[in-house]
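Peer 1:
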Amino acid sequence: MNEPHLTKTARKILAYVTQHIENQQESPTVAEIAQGCDMQSTGTVHRYLSQLIEAGALVRSGKGWRNLALPHDEVPEDDNPYAMPFLGKVAAGLPIEAISQHETIDFSEYLFGPKRFALYVDGESMIELGIMPGDTAILEHANTADNGDIVCALVDHEEATLKTFYRKGGGMVELHPANSEMQVQTYSGDRVQIQGILKASFRSYQAPRWLK
Numbered sequence: 126m127n128e129p130h131l132t133k134t135a136r137k138i139l140a141y142v143t144q145h146i147e148n149q150q151e152s153p154t155v156a157e158i159a160q161g162c163d164m165q166s167t168g169t170v171h172r173y174l175s176q177l178i179e180a181g182a183l184v185r186s187g188k189g190w191r192n193l194a195l196p197h198d199e200v201p202e203d204d205n206p207y208a209m210p211f212l213g214k215v216a217a218g219l220p221i222e223a224i225s226q227h228e229t230i231d232f233s234e235y236l237f238g239p240k241r242f243a244l245y246v247d248g249e250s251m252i253e254l255g256i257m258p259g260d261t262a263i264l265e266h267a268n269t270a271d272n273g274d275i276v277c278a279l280v281d282h283e284e285a286t287l288k289t290f291y292r293k294g295g296g297m298v299e300l301h302p303a304n305s306e307m308q309v310q311t312y313s314g315d316r317v318q319i320q321g322i323l324k325a326s327f328r329s330y331q332a333p334r335w336l337k
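Per the numbering used here, the very first residue in the sequence shown carries number 126; after that it's consecutive.
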């Protein structure tokens, strides 16, 4: 590591990252570094992080937002904390042969990103797409959507709903439920604001802490 040649700002960032990792057992995000080091631009933070990595003062450890590590704490790709072994398929009927070769699923690509956010699903309007009450929906912030996208839409600045989006003629939009017992909702375009596009959903059999 060529630390003696680091600039004052680079040393400040390195000290912040080191302290954060030691105290929190995870690396800070770029936004947290910018805030913690009183820097206005995340782009500037990225530039200094690149210098620190080139100097060997920090290393990348996998994907996602919190992917920095100290050199002695570097996590091998196979030990990515956001990945788990993928062993095959399971059926509710006849058994299916498991996959024996080494393969992992990296959940960071589904769950993390600078525009990602999570919502707790309430209601049964999307059950025929496998999105059930109590599921956690992972969305990406967006204010526009393509036909067929599953979106979180805000209607009349009041009601947020998860539906499949379709743009129709005459400035109208349709929000389609995935429940044959519910009706398609039609609105003028100015009544509907897209909040985000669904990227993934998952189901936990342990209730979130804030629901307990």
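We treat Cβ as the ideally placed atom computed from N, Cα and C, and that holds for glycine. The model shown is predicted, which means the values in this text are computed figures rather than measured ones.
Compare the C-alpha of S329 against each of P258, L195, K133 and Q165 and name the closest.
Peer 2: Against the sequence shown, residue 329 aligns to sequence position 204. Cα-wise, what sits closest to S329 is P258.
Peer 1: Return yes when the Cβ of V276 is within less than 8 Å of the Cβ of I322, no when it is not.
Peer 2: Taking the first residue of the sequence shown as 1, we reach residue 322 at position 197. Taking the first residue of the sequence shown as 1, we reach residue 276 at position 151. Yes, Cβ-Cβ distance for I322 and V276 is below 8 Å.
Peer 1: Smallest Cα separation from L254: which of G273, P239 and G238?
Peer 2: Numbered from its first residue, the sequence shown carries residue 254 at position 129. Cα-wise, what sits closest to L254 is G273.
Peer 1: In the DSSP assignment, find the alpha helix (DSSP H) that holds R292 and state where it starts and stops.
Peer 2: Mapped onto the sequence shown, residue 292 falls at position 167. Unbroken run through R292 is the beta strand (DSSP E), E284 to R292; no alpha helix (DSSP H).
Peer 1: Report buried or exposed for R191, applying the criterion of at least 16 other Cβ atoms within 10 angstroms of its Cβ.
Peer 2: Here residue 191 refers to the residue found at position 66 when the sequence shown is read from its first residue. Per the 10 Å Cβ criterion, buried.
Peer 1: Buried or exposed for F327, please, with buried defined as at least 16 other CB atoms from any protein chain shown within 10 angstroms of its CB.
Peer 2: Counting from 1 along the sequence shown, the entry for residue 327 is found at position 202. With fewer than 16 other Cβ atoms within 10 Å, it is exposed.
Peer 1: Expressed to the nearest angstrom, what Euclidean distance is found between the alpha-carbon atoms of L236 and A140?
Peer 2: Sequence index remark: in the sequence shown, residue 236 carries index 111 (1-based). Sequence index remark: in the sequence shown, residue 140 carries index 15 (1-based). Those two C-alpha atoms are separated by around 28 Å.
Peer 1: Determine the closest residue to A267 out of E299, Q318 and I178, with distance taken between C-alpha atoms.
Peer 2: As a working note, residue 267 is residue 142 in the sequence shown. Comparing Cα-Cα distances from A267 to each of E299, Q318 and I178, the minimum goes to Q318.
Peer 1: Is it buried or exposed, S175, if we count other Cβ atoms within 10 angstroms and call 16 or more buried?
Peer 2: In the sequence shown, counting from the first residue as 1, residue 175 sits at position 50. Exposed.
Peer 1: With DSSP as the reference, identify every bridge partner of G259, one or two as the case may be.
Peer 2: By one-based count along the sequence shown, residue 259 stands at place 134. According to DSSP, which records beta bridges pairwise, G259 is partnered with nothing at all.
Peer 1: For E299 and G168, what's the separation of their Cα atoms in angstroms?
Peer 2: Position 174 of the sequence shown, counting from 1, holds the residue named residue 299. Position 43 of the sequence shown, counting from 1, holds the residue named residue 168. Answer to the nearest angstrom: the Cα atoms are 39 Å apart.
Peer 1: Excluding sequence positions up to five away, which residues of its chain have a Cβ less than 7 Å from the Cβ of A135?
Peer 2: In the sequence shown, counting from the first residue as 1, residue 135 sits at position 10. Same-chain partners within the cutoff: Y173, Q176 and L177.
Peer 1: Along the chain, where does the beta strand (DSSP E) that runs through E151 open and close?
Peer 2: Residue mapping note: residue 151 aligns to position 26 of the sequence shown, counting from 1. Careful: E151 lies outside any beta strand (DSSP E) and carries neither H nor E.
Peer 1: Throw me the rounded Cβ distance for the A262 and V246 pair, which I believe falls under 8 Å.
Peer 2: For the purposes of this step, residue 262 is identified with residue 137 of the sequence shown, where counting begins at 1. For the purposes of this step, residue 246 is identified with residue 121 of the sequence shown, where counting begins at 1. Between V246 and A262 the Cβ distance is about 6 Å, and since that is below 8 Å, they are a contact.
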